[in-house]
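A short write-up of the structure that comes next.
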Ligand SMILES: Cc1ncc(COP(=O)(O)O)c(C=O)c1O
Ligand SMILES: [Zn+2]
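Residue numbers (the working numbering), protein chains in the order written: chain A, 6 to 410; chain B, 5 to 459.
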């Protein structure tokens with residue numbers, strides 16, 4: 006036995022009431038944050054506080070509670086802006102990452118001949134909106150599922166209108182060479198969108214340094230509520246997008262002659278927004294900033310390394326993008342396990358039912374990846390700040406037991 | 005009724021299917037087979053190690069020995085499948101490697117989820133033996149047959165990946181799986197017409213159906229003016245058959261015997277309805293105890309179904325609590341002449357769907373159904389008990405049904421639950437199935453401990 010590994014963020018466990026849940030009298034190991042993450046008390050309290058103390062609409066009220074609600078909503082925007090090193094007016098609140106991508110796909114006014122360069126394993130949310138609006142040209146995959154990011158140049162054409170990729174795909178857990186794609190986008194004068202749905206929980210993100218044009222993320226994976234997400238866009242890029250939805254809240258003036266929309270970001274926030282969602286997301290981001298995103302990254306990389314090294318030692322385990330260097334992996338891995346009598350989804354169910362380990366089994370909204378690798382689903386373990394090496398060991402031990410049946 | 009398997013392999017029906025394992029129906033007398041199953045499980049299946057000391061030993065009658073043991077629940081299956089329940093020196097690894105077994109999951113919330121070691125030859129034996137308990141089933145399952153299945157697609161796995169499949173891809177060997185929707189309310193007329201057309205083209209000998217789903221199909225086809233292919237018989241399984249559903253099914257399939265078949269993925273086929281309308285135990289592959297409700301907690305002829313499987317070398321269940329209630333037949337022997345094992349007057353529904361009257365006595369789903377099913381125009385209902393004497397009945401009725409139906413519902417429920425019952429009725433546009441695909445007909449809003457109910 007080697008010495009126990011350091012668990013620098015283990016103190017955060019006490020902040021997550023969900024982790025007290027038991028199944029059949031066994032404490033759960035929550036290893037499914039890539040699907041959606043548990044919420045810390047700070048977020049739960051912030052949301053409850055909206056209901057208990059400041060229920061009112063934003064941006065239109067005259068009374069005190071309306072001012073409080075507006076202030077809390079805008080404070081959340083500022084908090085998110087600081088988290089990404091953006092300006093508040095570059096932050097549009099959406100429902101989730103999916104809506105952010107759709108907003109851009111719609112706003113660019115793409116046509117049938119236009120091309121958007123993606124990778125073949127993008128989440129459906131960063132693939133189908135492009136496919137529906139234009140032609141999606143996908144960079145291929147290596148034998149183990151790692152995208153051939155270097156082939157991006159060959160995918161570009163005079164018809165390319167945008168590049169879009171996940172900073173960390175939800176099936177590989179490997180940090181993508183976004184800088185290289187950004188450089189090419191700059192050369193060609195086309196915008197680039199980063200899907201940060203996964204990465205935002207694991208890496209510090211600086212949109213200025215990254216120099217991306219758009220970036221999307223989802224509150225619910227970032228320890229925040231569901232139904233709230235963020236679209237970051239450079240000011241001039243956002244201003245260049247066609248209106249997405251019209252209605253109250255997005256309009257400055259409406260006369261018989263026509264209407265004038267607000268400036269960004271309000272022009273993209275038609276209708277009463279998810280106020281408590283935004284406030285909860287602000288609290289989530291504040292929670293992560295207090296931990297320090299460098300510490301969060303170090304922890305995620307350590308868990309990712311531990312997970313993949315452990316999986317490599319299990320006979321019959323095959324890791325998606327297993328060839329990627331450990332130092333580029335976050336705490337997420339999808340894999341198949343050759344266990345007689347059991348498909349991948351059945352393995353995921355069994356881990357829940359027999360071991361109290363909650364993780365994903367299936368296609369993870371990436372059908373092309375599974376089709377290309379000929380896989381009938383994969384199992385996915387994914388971590389967040391509260392997970393420990395000991396929990397990874399618990400999952401590995403269960404997988405080892407199953408593979409040995 | 006509990007689920008027949010919806011995931012995993014299905015009975016092939018084809019003669020000469022894998023039969024390398026002896027198909028369990030050995031000539032020994034029933035009591036000897038029960039004792040052998042008990043001895044073997046206690047001696048060799050790892051999970052039962054902790055049960056051995058409770059066994060009064062082989063000199064005592066089997067019934068007494070079983071009664072001394074604890075009850076097995078899905079919770080233990082979740083924790084100990086596969087290795088815990090394999091007896092007779094078999095090893096899971098060998099079974100998987102040879103293809104003799106695989107693991108099948110049942111779905112639902114915690115109380116219903118389980119993992120099961122699936123051994124096809126045993127399942128086939130269970131089906132063949134059970135079919136002998138009803139001539140209409142025997143006529144079909146005794147030879148080669150074609151079967152259509154209509155139930156929730158819940159257990160067919162990755163719906164999101166599979167999407168809508170053409171009929172050819174939903175046909176596995178001799179079996180066509182008709183439904184792909186999680187909620188039959190979404191079928192619409194187009195969905196009903198598709199299934200009717202597929203039935204007409206496939207011409208199954210037997211239609212195995214969840215009664216709620218089949219009633220929904222029958223109703224949709226009646227409104228669309230579409231006739232349904234008449235199979236040689238209908239096997240109703242998967243969940244409790246409401247008389248509302250039976251009425252609709254009989255109307256759509258005049259002259260076709262609709263036979264209740266009670267079993268589960270875990271236990272195989274346990275009870276089959278005979279020509280006389282009672283249910284007889286399948287003594288070939290299981291032993292059954294009906295553990296009665298405690299005195300004062302309900303009708304003492306009603307109890308929970310505990311199944312001990314016989315002759316399955318890969319999955320030995322002792323006193324497995326299926327989660328359902330049954331009512332023992334207590335008259336003279338059934339006129340059909342069958343007398344092996346237990347005879348039931350009825351299956352009474354799930355334990356978790358019990359409600360309680362003003363005195364705290366359990367009211368079964370069947371009792372609720374008996375009270376409500378005759379109401380003219382009623383299409384569906386769900387009774388929810390929110391407090392010891394407070395009940396809400398949600399219901400769906402034919403569009404032309406007069407508003408007086410609400411009074412009739414509340415009056416009948418008051419008669420059922422007692423004079424102190426406060427009953428409200430609320431008309432709904434539809435009632436949705438639970439996550440597992442089953443329709444809950446009754447239940448309490450809060451949790452309660454079922455163990456305290458049984459003697
Ligand atoms: C990489 C990636 N992109 C996009 C999404 C979509 O996120 P949402 O469903 O919150 O819109 C996900 C969610 O799993 C994801 O992992
Ligand atoms: Zn009979």
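The beta-carbon is built from N, C-alpha and C at its ideal position, and this holds for glycine as well. Source: prediction; values computed, not measured.
Bounds of the alpha helix (DSSP H) holding residue 188 (chain A) are 183–193. Near chain B, meaning a CB-to-CB distance below 7 Å, the residues of the region 345–371 of chain A are 345, 346, 347, 350, 351, 354, 355, 358, 359, 367 and 368.
Within chain A, the residues whose beta carbon sits less than 7 Å from that of residue 105 (chain B) are 346, listed in sequence order. Using a 10 angstroms sphere on the CB of residue 452 (chain B), the tally of other CB atoms stays under 16, which defines it as exposed.
By the criterion of a C-beta distance shorter than 6 Å, residue 396 (chain B) is surrounded in its chain by 388 and 428, once the five residues flanking it on both sides are discounted. Distance from the CA atom of residue 357 (chain A) to the CA atom of residue 71 (chain A), rounded to whole angstroms, is 45 Å. Shown here, residue 149 (chain B) sits in coil according to DSSP, grouped into three states, outside any helix or strand. Listed in chain order, the non-local C-beta contacts of residue 108 (chain A) below 8 Å within the same chain comprise 97, 99, 236, 246, 249 and 273, local neighbours out to five positions each way being set aside. By the Cβ rule, the region 365–384 of chain B counts as touching the region 241–255 of chain B, because three or more pairs are nearer than 8 Å.
For residue 433 (chain B), the number of other beta carbons within 10 angstroms of its own is below 16, and it is reported as exposed.
Look at the region 194–217 of chain A: it has no residue with a C-beta under 8 Å from a C-beta of chain B. Those residues that have a beta carbon less than 5 Å away from any non-hydrogen atom of ligand 1 are, in order along the chain, A:101, A:102, A:103, A:128, A:130, A:171, A:175, A:200, A:202, A:203 and A:223. About 7 Å separates the beta carbons of residue 375 (chain A) and residue 382 (chain A), which is inside the 8 Å limit, making them a contact pair. Of the candidates A:121, A:162 and A:150, the residue whose Cα lies closest to the Cα of residue 143 (chain A) is A:121. With a contact defined as Cβ atoms closer than 8 Å, residue 345 (chain B) and residue 393 (chain B) miss out at about 39 Å.
Between residue 311 (chain B) and residue 269 (chain B), the C-beta gap is not smaller than 7 Å, which leaves the two residues out of contact. The Cβ atoms of residue 384 (chain A) and residue 352 (chain A) sit closer than 7 Å to each other. Only buried fits residue 198 (chain A), as 16 or more other CB atoms lie within 10 angstroms of its CB.
Looking at the DSSP output, residue 216 (chain A) sits in no beta bridge, so it has no partner there. Residue 261 (chain B) places its beta carbon less than 7 Å from that of residue 140 (chain B).
As summarised for the region 290–325 of chain B, the continuous beta strand (DSSP E) elements at least 3 residues long and confined to that stretch are 290–296 and 306–313, given in chain order. Those residues that have a beta carbon less than 7 Å away from any non-hydrogen atom of ligand 2 are, in order along the chain, B:278, B:279, B:280, B:282, B:284, B:338, B:339, B:340, B:342 and B:347. Contact between residue 224 (chain A) and residue 233 (chain A) holds, with the beta-carbon distance rounding to 4 Å and staying under 8 Å. The beta-bridge partner set that DSSP reports for residue 237 (chain B) consists of B:210. Between residue 343 (chain A) and residue 315 (chain A), the C-beta spacing is not below 7 Å.
Bounds of the alpha helix (DSSP H) holding residue 67 (chain B) are 66–71. The beta carbon of residue 156 (chain B) sits closer than 6 Å to those of 441, all from its chain and outside the five residues before and after it, given in chain order. Looking at the backbone, the Cα of residue 338 (chain A) and that of residue 116 (chain B) are separated by about 30 Å. As the crow flies, the alpha-carbon of residue 303 (chain A) is around 15 Å from that of residue 295 (chain A).
Taking 7 Å as the CB threshold, residue 97 (chain B) lines the interface with chain A. When C-alpha distances from residue 58 (chain B) are compared across B:64, B:69 and B:51, the shortest belongs to B:69. Not one beta carbon of chain B lies nearer than 7 Å to the beta carbon of residue 135 (chain A). Counting only Cβ-Cβ distances below 8 Å, residue 29 (chain A) has contacts in chain B at 79, 82, 83 and 114, in chain order. In this structure, residue 216 (chain B) sits away from residue 180 (chain B), with a CB-CB distance that is not shorter than 7 Å. Residue 422 (chain B) sits away from residue 402 (chain B), with the two beta carbons spaced by 7 Å or more.
Closer than 7 Å to the CB of residue 186 (chain A) there is not a single CB belonging to chain B.
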